[in-house]
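Take 1 as the starting number for the sequence shown in our numbering and just add one per residue. Please read the structure below before turning to the comments.
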Amino acid sequence: MATTLYPDISHYHPVSDWDKVKANCPFLISKATQGTSYIDATLDEFITGCEENKIPYWLYTFLNKGSELAQAKFLVSTCSRKVGDYFVGYILDVEKENTASDVKSALDYLSGLGVKTMLYTMYSQYDTYKSVITSRPTDCAWWEARYGQNNGSYSANYAPHSGVDLHQYTSKGSCSGIKGSGIDLNRLTGTKAEDWFKTANGSTTTTTETKTTSAASTATTTKTTATDNTKQIIKNGQTHANNFAGCGLTVDGVRGSATKKGGIKVLQTALNLDYKSGLKVDGVWGTKSEKALGNHYVKKGETQYMVTALEILLMLKGYDTGGLENPGVFGTNLYNTVVKYQKANGLTADGVAGSKTFKSLIS
1 MATTLYPDIS
11 HYHPVSDWDK
21 VKANCPFLIS
31 KATQGTSYID
41 ATLDEFITGC
51 EENKIPYWLY
61 TFLNKGSELA
71 QAKFLVSTCS
81 RKVGDYFVGY
91 ILDVEKENTA
101 SDVKSALDYL
111 SGLGVKTMLY
121 TMYSQYDTYK
131 SVITSRPTDC
141 AWWEARYGQN
151 NGSYSANYAP
161 HSGVDLHQYT
171 SKGSCSGIKG
181 SGIDLNRLTG
191 TKAEDWFKTA
201 NGSTTTTTET
211 KTTSAASTAT
221 TTKTTATDNT
231 KQIIKNGQTH
241 ANNFAGCGLT
251 VDGVRGSATK
261 KGGIKVLQTA
271 LNLDYKSGLK
281 VDGVWGTKSE
291 KALGNHYVKK
301 GETQYMVTAL
311 EILLMLKGYD
321 TGGLENPGVF
331 GTNLYNTVVK
341 YQKANGLTAD
351 GVAGSKTFKS
361 LIS
């Protein structure tokens, strides 16, 4: 029988058997970056393995002291072009005497992308980061390390602080399918269920219940969940549209006339930033805007403000992009979302966002 474990790993403890890990681990956490230049040697292998084996995963940056916001941005710029459908969110690993204000700036940036986040702190650091912990967003989990005897097992005598969502209780554990014996292991301790750690914001994935329900009841529940998720995605898009193009939208999750006009403002703003089009950002799609768009397109691997616009416009249509960068980085997750949108709207499903895709998104 498989034993449920929640490990966090890095190149020191790479996955050696994905089948065993899939059987034991409902989700995985791995180091991605440190500072503004270091990238974990196994990052690409880890992401590919999780995607191919359909294992939800989180990625973290180990924060050096100083330039915490820049380090968070480096994490996103490194990972956003690599992650796929099973990516859940980003984590700040805080244990190098970072200041609370700098940590909060980095966390605010990550949370502003519309993705789930986690904040990792040490038990002894609680007073230092209490203000950040208590004011963290609702879609941010608190992850705390407290080892106690650190013998590979959890002891109730060394519980974490009240309110912790994920407790790292040892750095000397083992997990079938992961190399080495000194592995960090964690346990769920708060009100967030395991599914919370497995599902990205905006996901419409539903969990199969073991109890018997009627077909009508299941259909109603699924429809309600999908509707709620779509509304939240549109809210995320409205927030980003306000920040990117000064749209002044009411963040209500409703795609009304004001939100549609806001989408045009987003695209006009991106055209001005990338191509110096000189458009009036008025939310009116006229001949000047049409000419400015022309045959411009963005595709996987590119970094432009037009990619940022693409991400926001997809959100405003209820499509989850997994996050936002400014300027945007066209990664795998965005590519998959574009293909999904194109298929649903009768467009050539090539993952390239050209004039037809953009005009469809602002319609």
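For every residue, glycine included, the Cβ atom is placed at its ideal position computed from N, Cα and C.
Given a cut-off of 7 angstroms on the beta-carbon distance, is the pair residue i and residue j in contact?
| i | j | result |
| --- | --- | --- |
| Tyr129 | Ala100 | yes |
| Val103 | Glu68 | yes |
| Val88 | Pro137 | no |
| His13 | Asp40 | no |
| Asn64 | Lys22 | no |
| Gly323 | Ser80 | yes |
| Tyr126 | Asp93 | no |
| Ile264 | Ile133 | no |
| Leu279 | Ser289 | yes |
| Thr259 | Leu316 | yes |
| Lys20 | Ser176 | yes |
| Ala141 | Lys198 | no |
| Thr117 | Tyr90 | yes |
| Ala349 | Lys356 | no |
| Val251 | Thr269 | no |
| Gly346 | Ile234 | no |
| Leu5 | Cys25 | yes |
| Thr321 | Thr337 | yes |
| Leu249 | Asn243 | no |
| Lys261 | Gly283 | yes |
Residues bridged to residue i by DSSP?
| i | result |
| --- | --- |
| Phe62 | Gln34, Asp93 |
| Asn186 | Tyr6, Gln168 |
| Thr230 | Per DSSP, none; premise fails for Thr230. |
| Ile29 | Asp8, Trp58 |
| Gly173 | Ile183 |
| Ile178 | Val15 |
| Glu144 | Thr121, His167 |
| Gly328 | Gln304 |
| Ala353 | Val298 |
| Ile133 | Beta-bridge pairing links Ile133 to no other residue. |
| Ile39 | Thr33 |
Please return the same chain residues whose Cβ sits closer than 6 angstroms to the Cβ of residue i, not counting the five positions on each side in sequence.
| i | result |
| --- | --- |
| Lys335 | Residue identity differs from the one stated: residue 335 is Tyr in this sequence, not Lys. So the qualifying residues of the chain are Lys300, Gly351. |
| Thr213 | In this prediction, Thr213 has a pLDDT of 45, which is less than 50 and means its spatial position is unreliable; nothing more can be read from the coordinates. |
| Thr303 | Pro327, Val329 |
| Phe46 | Ser30 |
| Ser217 | Unreliable placement is indicated for Ser217, whose pLDDT of 48 sits below 50; the coordinate value is still reported in the next sentence. None. |
| Glu51 | Gly84, Tyr86 |
| Thr210 | Per-residue confidence for Thr210 stands at a pLDDT of 37, beneath the threshold of 50, marking its modelled position as unreliable; the derived number appears in the next sentence. Around Thr210: no qualifying Cβ. |
Go through its chain and collect everything with a Cβ distance to residue i's Cβ below 8 angstroms, but skip five positions before and after it.
| i | result |
| --- | --- |
| Ala219 | In this prediction, Ala219 scores a pLDDT of 48, lower than 50, which makes its location untrustworthy; no coordinate-derived value is stated. |
| Gln168 | Asp8, Tyr120, Trp143, Glu144, Ala145, Arg146, Tyr147, Asp184, Leu185, Asn186 |
| Thr287 | none |
| Leu313 | Gly237, Gly263, Val266, Leu267, Phe358, Leu361, Ile362 |
| Gly354 | Asn295, His296, Tyr297 |
| Ser131 | Ala100, Lys104 |
| Met1 | At Met1 the pLDDT is 46, less than 50, meaning the model places this residue with poor confidence and gives no usable figure here. |
| Lys32 | The sequence given here has Ala at residue 32, not Lys. Cβ neighbours of Ala32 beyond the five flanking positions: Ile39, Asp40, Leu43, Leu59, Tyr60, Thr61, Leu75, Thr78, Cys79. |
Give every residue of the same chain whose Cβ lies closer than 7 angstroms to the Cβ of residue i, excluding the five residues on either side of it in the sequence, and list them in chain order.
| i | result |
| --- | --- |
| Ser277 | Leu271, Ala292 |
| Ser389 | Residue 389 falls outside the range modelled here, since the chain spans only 1 to 363, and no answer is possible. |
| Lys179 | His13, Pro14, Ser16 |
| Gly35 | Asn64, Gln71 |
| Val164 | Trp142, Glu144, Thr189, Gly190 |
| Thr239 | Val251 |
| Lys96 | Leu63, Asn64, Lys65 |
- prompt: Counting Cβ pairs closer than 8 angstroms, one from the region 104-117 and one from the region 65-84, do we hit at least three?
  reply: Contact between the region 104-117 and the region 65-84 is present: 3 or more CB-CB pairs across the two stretches fall below 8 angstroms.
field: Residue ranges of each alpha helix (DSSP H) within the region 67-126, 4 or longer
entry: 68-79, 100-111
message: In chain order, what are the residue ranges of uninterrupted alpha helix (DSSP H) at least 4 long that sit wholly in the region 223-310?
response: 257-275, 287-293, all fully within the region 223-310.
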